Structures are given as C-alpha cells and as structure tokens.
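Take 2 as the starting number for the sequence shown in this note's numbering and just add one per residue.
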Amino acid sequence: MAKLGSTKKPAIVRVQTFERAEEITAICEKNNWEVIVGIEPDRVEDISDVEYLLNP
2 MAKLGSTKKP AIVRVQTFER AEEITAICEK NNWEVIVGIE PDRVEDISDV EYLLNP
C-alpha cells in the first residue's frame, strides 16, 4: 500500500481560498509531500490528510 503524501497516494485537501491553498501547498512542499488542493469556496474546508501527516 502506498504511503499518504507520496506520488501514488497524494494528500487531498479542500480549501475555500487561494491564500489557504498556498499555505497548505507550502507546508507540503517543505515536507516533500505530494498534495492535490481543491479550491471550493462553497464547501467546508477539509485538510484532514495534511493534519494526519503532521501528527501521525
């Protein structure tokens, strides 16, 4: 099974603003994690994959 944050299993997050997407992307780049960020202003933010990676 692929590790979360890898190329085969990137972290997937949903944010409401472009600025928040940049913050999440910067965190993932700093830790060499692959991430897919969706900007959806009308949906609830979901960054649980990144939170899991930060606090395994």
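Here a beta-carbon is modelled for each residue, glycine too, at the ideal position from N, C-alpha and C. Just so it is clear, the structure is predicted and the values come from calculations on it, not from any experiment.
- Per DSSP, reduced to three states, the secondary structure at Val-45 is coil, with no helix or strand assignment.
- Straight through space, the alpha carbons of Pro-42 and Pro-57 are spaced by roughly 28 angstroms.
- Within its own chain, the residues whose Cβ lies closer than 6 angstroms to the Cβ of Cys-29, once the five positions on either side in sequence are excluded, are Val-36, listed in chain order.
- Scanning its chain for C-beta atoms nearer than 7 angstroms, with the 5 sequence neighbours on each side dropped, one finds around Lys-10 the residues Ala-3, Lys-4, in chain order.
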